[in-house]
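Residue numbers are given in the UniProt record's numbering: position 69 of the sequence shown equals residue 69, and the series is strictly consecutive. From the three backbone atoms N, C-alpha and C, an ideal C-beta is built for every residue, glycine too.
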Amino acid sequence: MGGYTYIMTNKAFGVLYVGVTADIARIQAHREGRGSAFARKWGCTRLVYIEPHERIEDAIVREKRLKDWDRVWKCRLIVEANPNWDDLWETINN
Numbered sequence: 001m002g003g004y005t006y007i008m009t010n011k012a013f014g015v016l017y018v019g020v021t022a023d024i025a026r027i028q029a030h031r032e033g034r035g036s037a038f039a040r041k042w043g044c045t046r047l048v049y050i051e052p053h054e055r056i057e058d059a060i061v062r063e064k065r066l067k068d069w070d071r072v073w074k075c076r077l078i079v080e081a082n083p084n085w086d087d088l089w090e091t092i093n094n
């Protein structure tokens, strides 16, 4: 079973939330304020980065590594993949 590692934010260069899921619909839960308490508290509803993985175990390992990264590194990762910090949800949900 595959999985996804993703980063949500409340605005460009705002609060970052790193997550992992086997079910892409989990991201919709964050957008509706039903995700993690941290994401809900800080209004992290914008999907700005996502990585698909063939195995959920690989997604989990990647999530743990990203959480250990410095904030600057995470922002650089996002900017390289999504320079305008666009909300990617509409792109992947269609």
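List the residues that DSSP assigns as beta-bridge partners of residue i.
i: Ile92; result: BP columns for Ile92 are empty, so no partner.
i: Ile7; result: Val18, Tyr49
Cutting at 6 Å between CB atoms, please list the residues of its own chain near residue i, excluding the five before and the five after it.
i: Arg31; result: Thr45
i: Asp68; result: none
i: residue 108; result: Only positions 1 to 94 of the chain appear in this structure, which leaves residue 108 out of reach.
For my contact list, residue i and residue j are in at a C-beta cut-off of 8 Å; report their separation, rounded to the angstrom.
i: Leu47; j: Leu88; result: 5 Å
What does a CB cutoff of less than 8 Å around residue i pick up in its chain, not counting 5 residues either side in sequence?
i: Gly43; result: Asn10, Val15
i: Trp73; result: none
i: Ala81; result: Tyr49
i: Ala25; result: none
i: Phe13; result: Cys75, Trp85
Beta-carbon within less than 7 Å of residue i's beta-carbon, same chain only, minus the 5 sequence neighbours each way: which residues are those?
i: Ile78; result: Ile7, Val48, Tyr49, Trp85
Q: Kindly confirm or deny that the segment 54 to 62 and the segment 23 to 40 touch, where touching means at least three C-beta pairs closer than 8 Å.
A: Taking one beta carbon from each stretch, the segment 54 to 62 and the segment 23 to 40 have fewer than 3 pairs nearer than 8 Å; the two do not touch.
Q: Determine contact between the segment 42 to 56 and the segment 3 to 12, defined as no fewer than three beta-carbon pairs at a distance below 8 Å.
A: yes
Q. In chain order, which continuous runs of the alpha helix (DSSP H) of length 4 or greater are located wholly inside the segment 39 to 85?
A. Those alpha helix (DSSP H) runs which fall completely within the segment 39 to 85 and span 4+ residues are 56 to 68, 71 to 81.
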